[in-house]
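Data first, discussion second: the structure below is written as structure tokens.
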Amino acid sequence: MIDPRAIIEPGAQLADDVTVGPWSYIGADVVIGAGTEIASHVVIKGPTVMGSGNRVFQFSTIGEECQDKKYAGEPTRLEIGDNNVFREGTTVHRGTIQDQSLTKIGSHNLFMVNAHIAHDCMVGDHIILANNVALAGHVHVGNHTILGGFTAVHQFCHIGSHVMCGAGTVVLKDIPAYVMATGNPAQPHGINAEGLKRRGFTPEMIRGIRQAYKTIYRKKLTTVEALAVLEAEVVDSPEIDLLIASLKDSTRGIIR
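In this text, residue positions in the sequence shown follow this note's numbering: the first is 26, and each later residue adds one.
What follows is the structure, encoded as structure tokens:
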């Protein structure tokens, strides 16, 4: 299961059925769960904990020190969930003490060729980062979000769940849940209705989200004013509660 040409440092903990291809390197502070497949020419450093059923393709670097110039070698870590796919050339960096000393990735995500996840990012579940997407430090990405190829996300930006960004989008501010965005800088272009249909949202739920979008973007309200309207008008709607939470979570202001 482990190619004799791979280097596994003493202290690394690999489940019995983990496969590691030739010329890959696994560091001492790495834990890898059952059923994970590591291709050839992969570097995984730690402290990193990776769950089960992940696949890491060649030339990926997982758990490396970050590129933040303030980083001075402090002990920081990377946590990865289950059933993720890291395609060729993916890079994921550990956190910094300026945040929570943690970069965290959920489960069932697809990171396509040359995707980059920087220090202190918090990435949820069922996310797709297409080829050459770059997340700067401290970026948060919600569940079921898709970022098109060459999308670049500025540090500290928060992207809500069920968002979709077109190819080449430059994200400089936060994107609320459900929004479709594209452009440089990113601008909103309605809600991700097709994605919501595929995930089982009912027509009534989608109509409610679309109406909430209009409250935020079509009524010439500030974000604070739109929040007040949504909280006053919407009752017993988990999907709108998710949108409200993403607005409250915004630290950089939302795209307009």
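Just so it is clear, CB atoms sit at the ideal spot from N, CA and C, and this is done for glycine as well.
Alpha-carbon spacing of residue i relative to residue j, whole angstroms
i	j	result
residue 255	residue 225	23 Å
residue 125	residue 234	33 Å
residue 55	residue 158	25 Å
residue 166	residue 131	10 Å
residue 81	residue 154	15 Å
residue 265	residue 177	27 Å
residue 162	residue 109	20 Å
residue 72	residue 101	7 Å
residue 53	residue 67	15 Å
residue 76	residue 111	13 Å
residue 106	residue 129	8 Å
residue 239	residue 188	16 Å
residue 186	residue 33	37 Å
residue 196	residue 29	44 Å
residue 86	residue 211	29 Å
residue 253	residue 262	15 Å
residue 258	residue 168	25 Å
residue 97	residue 164	21 Å
residue 59	residue 133	15 Å
residue 241	residue 69	43 Å
residue 65	residue 47	5 Å
residue 91	residue 142	10 Å
residue 249	residue 243	14 Å
residue 138	residue 79	16 Å
residue 215	residue 237	11 Å
residue 170	residue 203	9 Å
Contact check, residue i vs residue j, beta carbons under 8 Å
i	j	result
residue 40	residue 57	yes
residue 88	residue 119	yes
residue 37	residue 27	no
residue 277	residue 222	no
residue 205	residue 217	yes
residue 201	residue 268	yes
residue 84	residue 113	yes
residue 146	residue 172	no
residue 227	residue 207	no
residue 99	residue 127	no
residue 151	residue 121	no
residue 61	residue 74	no
residue 123	residue 95	yes
residue 272	residue 279	yes
residue 179	residue 275	no
residue 174	residue 192	yes
Exposure of residue i, with buried meaning 16 or more beta-carbon neighbours within 10 Å
i	result
residue 209	exposed
residue 45	buried
residue 251	buried
residue 140	buried
residue 245	exposed
residue 117	buried
residue 115	buried
Contact test: residue i Cβ vs the ligand GDP heavy atom, cutoff 7 Å
i	result
residue 191	Inclusion of the ligand GDP in the displayed structure is not the case, the ligand content being empty and no account of it being possible.
DSSP beta-bridge partners of residue i
i	result
residue 104	74, 129
residue 63	45, 81
residue 38	56
residue 116	86, 141
residue 207	212
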